[in-house]
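Engineer: Last residue of the sequence shown: number 196 in this note's numbering, and the count goes up by one each step with no gaps.
Note that CB positions come from ideal geometry on N, CA and C, so glycine has one too.
What you are looking at is a predicted structure, and each value in this text was computed from that prediction instead of being measured.
Before I ask anything, here is the structure I am working with.
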Amino acid sequence: MDGKLIIFSAPSGAGKTSIIKYLLDKILSTEFSISATSRKPRENEKNGIDYYFISVNSFKKKIENNDFIESEEVYDNVFYGTLNSEIDRIWQNGKTVLLDMDVKGGLKIKSIFKKKALSIFVKPPSIKSLDNRLTKRALDTQKSIQERLKKSEFELDYADKFDVILENKDLDKTKIEAFRIVSEFIDSK
Ligand code: 5GP
Numbered sequence: 008m009d010g011k012l013i014i015f016s017a018p019s020g021a022g023k024t025s026i027i028k029y030l031l032d033k034i035l036s037t038e039f040s041i042s043a044t045s046r047k048p049r050e051n052e053k054n055g056i057d058y059y060f061i062s063v064n065s066f067k068k069k070i071e072n073n074d075f076i077e078s079e080e081v082y083d084n085v086f087y088g089t090l091n092s093e094i095d096r097i098w099q100n101g102k103t104v105l106l107d108m109d110v111k112g113g114l115k116i117k118s119i120f121k122k123k124a125l126s127i128f129v130k131p132p133s134i135k136s137l138d139n140r141l142t143k144r145a146l147d148t149q150k151s152i153q154e155r156l157k158k159s160e161f162e163l164d165y166a167d168k169f170d171v172i173l174e175n176k177d178l179d180k181t182k183i184e185a186f187r188i189v190s191e192f193i194d195s196k
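See the structure below:
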């Protein structure tokens with residue numbers, strides 16, 4: 008059974024994860040697509056909930072087996088990908104798939120599923136605000152934060168290619184706006 012997909016892309020620290028968690032909580036007909044990654048889990052992350060954490064070698068094997076609908080080397084030698092089986096599993100449950108991906112992966116999924124997919128870009132008010140958030144949440148090393156900030160400038164250039172740009176000036180208001188946009192898309196024919 009085929010259903011719909013909603014893609015969220017944003018530079019790291021733009022508030023995307025909080026918005027996705029809010030929507031998953033409020034809209035019970037949505038389910039999170041758990042990506043595979045070769046990055047190490049952060050302290051608060053669990054295998055099979057936040058990601059499927061696998062080695063670079065098994066990631067590459069899965070690419071060879073065509074297990075991914077898309078995959079990207081998002082950072083140097085750090086891979087992320089969406090498994091075909093994950094989307095099938097969620098659609099089998101009769102639910103709408105929520106995806107958290109980098110801009111390239113997001114646009115790839117949109118180009119595959121077209122009208123069945125809604126692509127949303129979460130835009131931070133400024134690069135400075137990203138730096139503050141990434142430093143404050145202290146989940147990444149300073150090197151990784153710098154790598155993420157460098158990448159965010161390139162990611163912001165992709166915003167216009169998305170169906171919707173959601174500017175996150177005030178997280179509570181942005182969550183409500185996201186709820187409105189996503190509900191409307193799910194209810195549409
Ligand atoms: P993080 O390491 O902060 O969890 O994620 C880093 C980046 O990888 C984020 O932009 C996130 O959206 C992206 N990402 C997560 N899963 C996937 C995926 O399956 N495919 C792609 N292309 N990017 C992903």
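#1: Could you tell me if Val81 is buried or exposed, where buried requires 16 or more neighbouring beta carbons within 10 angstroms of its beta carbon?
#2: Using the rule of at least 16 other Cβ atoms within 10 Å of the residue's Cβ for burial, across every protein chain shown, is Val63 buried or exposed?
#3: For Ala124, which residues of its own chain have a beta-carbon under 8 Å away from its beta-carbon, when the five flanking residues on both sides are left out?
#4: Have a look at Lys158 and Ala17 and give me their C-alpha separation to the nearest angstrom.
#5: What's the gap between the Cα of Thr37 and the Cα of Val189?
#6: The beta strand (DSSP E) with Glu1 in it runs from where to where?
#7: Across the segment 132 to 152 and the segment 19 to 27, are there enough close Cβ pairs to call them in contact, namely three or more that are closer than 8 Å?
#8: Measuring CA to CA, which of Lys111, Ile70 and Leu35 is closest to Gly101?
#9: For Gly113, count the other beta carbons within 10 Å of its own beta carbon; 16 or more makes it buried, fewer makes it exposed. Which is it?
#10: Count the other C-beta atoms from every protein chain shown that fall within 10 angstroms of the C-beta of Glu71, then say buried if there are 16 or more, exposed otherwise.
#11: According to DSSP, simplified to helix, strand and coil, what is Asp194?
#12: Confirm the yes/no value for this check: CB of Val81, any heavy atom of the ligand 5GP, distance under 7 Å.
#13: What are the boundary residues of the alpha helix (DSSP H) that includes Glu71?
#14: What are the boundary residues of the alpha helix (DSSP H) that includes Glu162?
#15: Is the Cβ-Cβ distance between Thr44 and Tyr58 less than 8 Å?
Structural biologist: According to the data block:
#1: Along the sequence shown, read from residue 1 onward, the residue named residue 81 stands at position 74. Buried, since its Cβ has 16 or more Cβ neighbours within 10 Å.
#2: Looking up residue 63 in the sequence shown gives position 56. In summary, Val63 is exposed, with fewer than 16 beta-carbon neighbours lying within 10 Å of its beta-carbon over all protein chains present.
#3: The residue given as residue 124 occupies position 117 in the sequence shown. Sequence-distant Cβ neighbours of Ala124 in its own chain, meaning closer than 8 Å and more than five residues away, are Lys11, Leu12, Ile13, Ile14, Ile116 and Lys117.
#4: In the sequence shown, the residue the question calls residue 158 occupies position 151. In the sequence shown, the residue the question calls residue 17 occupies position 10. Near 11 Å, if we compare the C-alpha coordinates of Ala17 and Lys158.
#5: As a position in the sequence shown, residue 37 is number 30, starting the count at 1. As a position in the sequence shown, residue 189 is number 182, starting the count at 1. Rounded to the nearest whole angstrom, the CA to CA distance from Thr37 to Val189 is 10 Å.
#6: Residue coverage of the chain in this structure runs from 8 to 196, which leaves residue 1 outside it and unanswerable.
#7: At 8 Å Cβ cutoff, the stretches touch.
#8: To locate residue 101, count along the sequence shown from 1; it is residue 94. Proximity to Gly101 across Lys111, Ile70 and Leu35 peaks at Leu35, based on C-alpha coordinates.
#9: The sequence position of residue 113 within the sequence shown is 106, counting from 1. With 16 or more other Cβ atoms from the protein chains shown falling within 10 Å of its own Cβ, Gly113 counts as buried.
#10: Counting from one through the sequence shown, the residue named residue 71 turns up at place 64. Using a 10 angstroms sphere on the CB of Glu71, the tally of other CB atoms stays under 16, which defines it as exposed.
#11: As a working note, residue 194 is residue 187 in the sequence shown. Residue state, collapsed to three classes: helix.
#12: In the sequence shown, residue 81 corresponds to position 74, counting from 1. Distances from the CB of Val81 to the heavy atoms of the ligand 5GP include at least one below 7 Å.
#13: What you label residue 71 is simply residue 64 of the sequence shown in a count that begins at 1. Run containing Glu71: Val63 to Glu71, per the alpha helix (DSSP H) assignment.
#14: Residue 162 sits at position 155 when you count from the first residue of the sequence shown. Element bounds for Glu162: Gln149 to Leu163.
#15: What you label residue 44 is simply residue 37 of the sequence shown in a count that begins at 1. What you label residue 58 is simply residue 51 of the sequence shown in a count that begins at 1. Contact: yes.
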